[in-house]
Amino acid sequence: MPTISRGDVVWVTFPDPEDVPEEEFENPHPAVVVQNDSRNHKYDTTIVAPLSTSQESSEEFADVEISSSSEGVDDDSIAKLGLLSAVSVPGRIMDESEDPSVWKMGELSASKMAEIEARMEVLLGIA
Numbered sequence: 004m005p006t007i008s009r010g011d012v013v014w015v016t017f018p019d020p021e022d023v024p025e026e027e028f029e030n031p032h033p034a035v036v037v038q039n040d041s042r043n044h045k046y047d048t049t050i051v052a053p054l055s056t057s058q059e060s061s062e063e064f065a066d067v068e069i070s071s072s073s074e075g076v077d078d079d080s081i082a083k084l085g086l087l088s089a090v091s092v093p094g095r096i097m098d099e100s101e102d103p104s105v106w107k108m109g110e111l112s113a114s115k116m117a118e119i120e121a122r123m124e125v126l127l128g129i130a
């Protein structure tokens, strides 16, 4: 099975739509992998931050703007760090195929991942 990597932008099938309020996600939904690669390559679960194309950022330290012109996303988006989720890789990311062209949208730059990491430290109180 191929592995995912920190910074990958992937399609995630979040919980059954009947279990998720309408205002949350449509499936599949883009998300950025934030878990470290040593865990990504060892376990079948990972931690992701969902992306939103809504440009209304309501949480200063929990939202990170992702530009489609410089990052691996189709549309300008916001990484919603306040909605971090642990997901099963084979069940929620690679549920349709192991072919990365099906589930991988792109990758974020090292500088954008550094910004996400800095915001996560503040959000999680570990800075």
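At the far end of the sequence shown sits residue 130, using this note's numbering, and the numbering has no gaps.
Note that CB positions come from ideal geometry on N, CA and C, so glycine has one too.
*Entirely within the stretch 51-91 and at least 4 residues each: give me those alpha helix (DSSP H) ranges in chain order.*
The qualifying runs do not exist here; there are none.
_Please state whether the Cβ-Cβ distance between S80 and I69 is less than 8 Å._
Yes.
_Can you tell me whether K83 is buried or exposed? The criterion is at least 16 other CB atoms within 10 Å of its CB, across all chains shown._
By the Cβ neighbour-count rule, K83 is buried, with 16 or more other Cβ atoms within 10 Å of its own.
*Which class does M97 belong to by DSSP, given the choice of helix, strand or coil?*
Reduced to three states, the DSSP call for M97 is coil.
_Cβ-Cβ separation, V35 to A52 (assumed contact under 8 Å), whole Å_ = About 5 Å separates the beta carbons of A52 and V35, which is inside the 8 Å limit, making them a contact pair.
*Based on the DSSP output, what are the partners of E110 in its beta bridges?*
Answer is D11.
*Can you list, in chain order, the residues of its chain whose CB lies under 6 Å from that of M131, leaving out five sequence neighbours each side?*
A question about residue 131 goes unanswered here, because the residues of the chain that appear run from 4 up to 130.
*Run through DSSP, which three-state label would P31 get?*
The DSSP-derived three-state label of P31 is coil.
_For A65 and R122, the rounded distance between their alpha carbons_ = Roughly 7 Å between the two C-alpha positions.
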